[in-house]
Amino acid sequence: MKLLAQRLLGPATLIAMAVTFVLGLWVTPPDKVQGDLARLVYVHPAVAWVALYLSFGTATIASALYLWKRTRSMVADRVAHCAMEVSLVFIALTLATGSIWGRPTWGVWWAWDARLTSTAILGVLVLGYLALRRANDDPELRARRGAVFTMLSALNVPLIHFSVQWWKTLHQGATVFTSNRTLLIHGIMAWTLLISFVAFSLAFAWLLRARYRLELKRERAMGESLEVALSRRRAEGVH
Amino acid sequence: MPDSTIDLAPVAPPRTSSSSRRRSIGVFVVLAAAILALLSQGLLHSLNYFETVDQVLAQRAKIATSTIRLEGVVKPHTIHRTSYGASFWVTGSGTNEVFVVSRGTPPQLFQANIPVVVVGHFRSRSSLTFEGTQIMVKHSASYIAQYPSRVKAPNGSVR
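Chain order of the listed sequences is A and B. Residues 16 to 254 (the working numbering) make up the first sequence, in order. Residues 20 to 178 (the working numbering) make up the second sequence, in order.
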């Protein structure tokens, strides 16, 4: 069953993405104010959802599991590392799609408002996490420092989420998760938005799985090369 | 003959090498500098990105001719496109309103009844004319179909 789900993950992601793009580009109507520019709503919020909540959330939970002695394992560290890498990709996509959307709607590629700046800071923090991992040679020290760093960086996520409510920003407020729970998007547009969230969530799961498998292979290859080096040393001892 | 005196048993690595510590400190220094640079641009000077028309008029004397970001809704039937840009009135709540003369091409979505943020300053200490250098459109978070009630006629045309 588990194997079947894993095998179906790739095709399911592809189908969900295709449905999102067909609905988003051809079936949904243009928006009353933004016209066809509003079609980016089927990409940008879903990408941001994956970047901030799914990827970074997975990394935070895995880091917490690593720091807790009863659940400490290198699997948790590996998951945190892989999720952070995927998060960086999606943070970059969030900033890029937001910028592409911002230019024709706001009139600027970038604005130093609280939402955009705090998201950029999260990107820098993820880069810092990856740099910190490379700076440490000891696997346990690397995992511990990385986990602590991730937990501290996670404090920025609620700041990003509530920035549009706490401060006056150029970035629009919430469309789905509004404070009075009123959905501000209607009909087929709302359904397409929901499908886009499913599609990009599946893409995250697929990417995380692929990255995790790659990391396992890399570690195995490193172990094997160490074995080869040791056997060469032994052979040197023979002659 | 194999040399049995060679010890090939794995040895424990040193706790933290000095180069590893130096690299970690380097990462933290670069990271702190990058975050401080972002904060200084974005949050430390302007946690709130703009001032509303009501806020600006309430602090009119204090603002004088300093550069600010003014937010208000574009008043209908007041937009005049000029050779250098556009002039229009922005309204706050109630009767509060400011006349804006802006240079440069307004964004694609610029229109009546849309909230805008204008970067600029008042013409003089007592003037209520705001000279803008940049207009940004602050669109809403709601998405409504452009033609919610369109129907297809028997001949296939859309009305």
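Using N, Cα and C, we set each Cβ at its ideal position, and we do this for glycine too. As the structure is a computational prediction, the values presented were derived from the model and not from experiment.
{"Asked": "Contacting positions in the stretch 135-147 of chain B - beta carbon closer than 8 angstroms to chain A", "Found": "V136"}
{"Asked": "4 or more residues per run - each alpha helix (DSSP H) lying fully within the stretch 52-104 of chain A", "Found": "59-64, 71-82"}
{"Asked": "Per-residue contacts from P2 of chain B into chain A (C-beta, under 8 angstroms)", "Found": "For chain B, the structure presents residues 20 to 178; residue 2 of chain B sits outside this window and is missing."}
{"Asked": "Among A:V62, A:R93, A:V213, the one whose alpha carbon lies nearest that of A77 of chain A", "Found": "A:R93"}
{"Asked": "Contact set for G39 of chain A: own chain, Cβ-Cβ below 6 angstroms, skip 5 residues either direction", "Found": "R54, Y57, T207"}
{"Asked": "Where V48 of chain A falls: helix, strand or coil (DSSP)", "Found": "coil"}
{"Asked": "Inter-residue spacing [alpha-carbon to alpha-carbon] between R22 of chain A and I115 of chain A", "Found": "34 angstroms"}
{"Asked": "According to DSSP, residues forming a beta bridge with R159 of chain A", "Found": "Bridge partners of R159 of chain A: none, in fact."}
{"Asked": "Supposed close pair Q127 of chain B, P119 of chain A - CB separation, criterion 8 angstroms", "Found": "5 angstroms"}
{"Asked": "Limits of the unbroken beta strand (DSSP E) element including A105 of chain B", "Found": "104-110"}
{"Asked": "Chain A within 8 angstroms of A164 of chain B, Cβ atoms only", "Found": "yes"}
{"Asked": "Buried/exposed call for T190 of chain A, threshold 16 Cβ in 10 Å", "Found": "buried"}
{"Asked": "Cβ pair T112 of chain A, Y144 of chain A closer than 8 angstroms", "Found": "no"}
{"Asked": "Distance between beta carbons of F177 of chain A and V65 of chain A, contact taken as under 8 angstroms", "Found": "So it is not a contact: roughly 19 angstroms between Cβ atoms."}
{"Asked": "Beta-bridge partners of E150 of chain B, as assigned by DSSP", "Found": "B:V120, B:H140"}
{"Asked": "V37 of chain A burial status per 10 Å Cβ neighbour count (16 or more: buried)", "Found": "exposed"}
{"Asked": "Classification of R178 of chain B by the beta-carbon crowding that lies within 10 angstroms, buried from 16 upward", "Found": "In this prediction, R178 of chain B scores a pLDDT of 48, lower than 50, which makes its location untrustworthy; the coordinate-derived value is nonetheless stated afterwards. Flag for R178 of chain B reads exposed."}
{"Asked": "Top-ranked residue by Cα proximity to V92 of chain B, from B:I154, B:E70, B:A131", "Found": "B:A131"}
{"Asked": "A107 of chain A and G138 of chain A closer than 8 angstroms at C-beta", "Found": "yes"}
{"Asked": "Selection from B:G123, B:F149, B:A160 that minimises the alpha carbon distance to R100 of chain B", "Found": "B:G123"}
{"Asked": "Classification of S43 of chain B by the beta-carbon crowding that lies within 10 angstroms, buried from 16 upward", "Found": "buried"}
{"Asked": "Cα-Cα separation between L80 of chain A and P95 of chain B, rounded to whole angstroms", "Found": "57 angstroms"}
{"Asked": "Neighbourhood of T71 of chain B by C-beta distance below 6 angstroms, restricted to the same chain and skipping five residues each side", "Found": "E90, G111"}
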